[in-house]
Amino acid sequence: MKGTYLGEFQELVLLAIGILYDDAYGVAIKDELESQTGRAVTLSTVHAALMRLEEKGYVRSRFGGATEERGGRPKRLFQVTIAGKHALEESQALRNRMWQQIPKIAWDHL
């Protein structure tokens, strides 16, 4: 398994896969990210993140059935693994701990 550091974009991709559950393939993930973040996302960036996440063991992939609309090509579907779920939980816990440590006074003067 490659390094376990989870960057922001990889975290967002993992979350999108979780949201899409059984229909998480490249284009759907890209569309979900654009919808959720309001950012433009390229398919190549999504694919690169998916490959890195798979190398880390955070996602696994399988091929779905071929469809006529895709010219007979099957979709490559992604699913979050147990390791990916743990990585997301650790990331969420870290962010929550840090947010809780910001003193109220830090926001009062803004």
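Number 144 marks the last residue of the sequence shown (the working numbering); no jumps.
Ideal placement from N, C-alpha and C gives every residue a C-beta, glycine not left out.
Everything numeric in this text was worked out from a predicted model, so none of it was measured.
Of all the options the options, which has the alpha carbon lying nearest to the alpha carbon of residue i?
i       : options                              : result
Lys-64  : Trp-133, Ala-74 and Ala-121          : Ala-74
Leu-111 : Gly-41, Leu-48 and Ser-125           : Leu-48
Phe-43  : Glu-103, Leu-122, Tyr-55 and Gln-113 : Leu-122
So, is residue i buried or exposed, given that buried needs 16 or more other C-beta atoms within 10 angstroms?
i       : result
Arg-86  : buried
His-143 : exposed
Ala-127 : exposed
Identify, in the order they occur along the chain, each residue of the same chain with its Cβ nearer than 8 angstroms to the Cβ of residue i, setting aside the five sequence neighbours on each side.
i       : result
Thr-115 : Gly-91, Tyr-92, Val-93 and Arg-94
Arg-76  : The residue asked about is misnamed: residue 76 is Thr in this sequence, not Arg. Same-chain partners within the cutoff: Lys-64.
Looking only at DSSP bridge pairs, what is residue i linked to?
i       : result
Phe-112 : Ser-95
Ala-100 : Pro-108
Between the alpha carbons of residue i and residue j, how many angstroms are there, rounded?
i       : j       : result
Leu-67  : Ala-50  : 7 angstroms
Leu-46  : Ile-139 : 30 angstroms
Ala-117 : Val-80  : 19 angstroms
His-120 : Thr-101 : 34 angstroms
Val-61  : Leu-84  : 12 angstroms
Gln-135 : Asp-57  : 38 angstroms
Tyr-59  : Gln-70  : 16 angstroms
Leu-40  : Pro-137 : 27 angstroms
Met-35  : Gln-113 : Note on Met-35: pLDDT 49, under 50, position unreliable in the model; the coordinate value appears next. In a straight line, the C-alpha of Met-35 is about 17 angstroms away from that of Gln-113.
Arg-129 : Glu-89  : 24 angstroms
By Cβ distance, which residues of its chain are closer than 7 angstroms to residue i, with the 5 residues on each side in sequence left out?
i       : result
Ile-53  : Glu-66
Pro-108 : Phe-97, Gly-98, Gly-99 and Ala-100
Using a Cβ-Cβ cut-off of 7 angstroms, state whether residue i counts as contacting chain C.
i      : result
Gly-60 : The question asks about chain C, but that chain is absent: this structure has only one protein chain.
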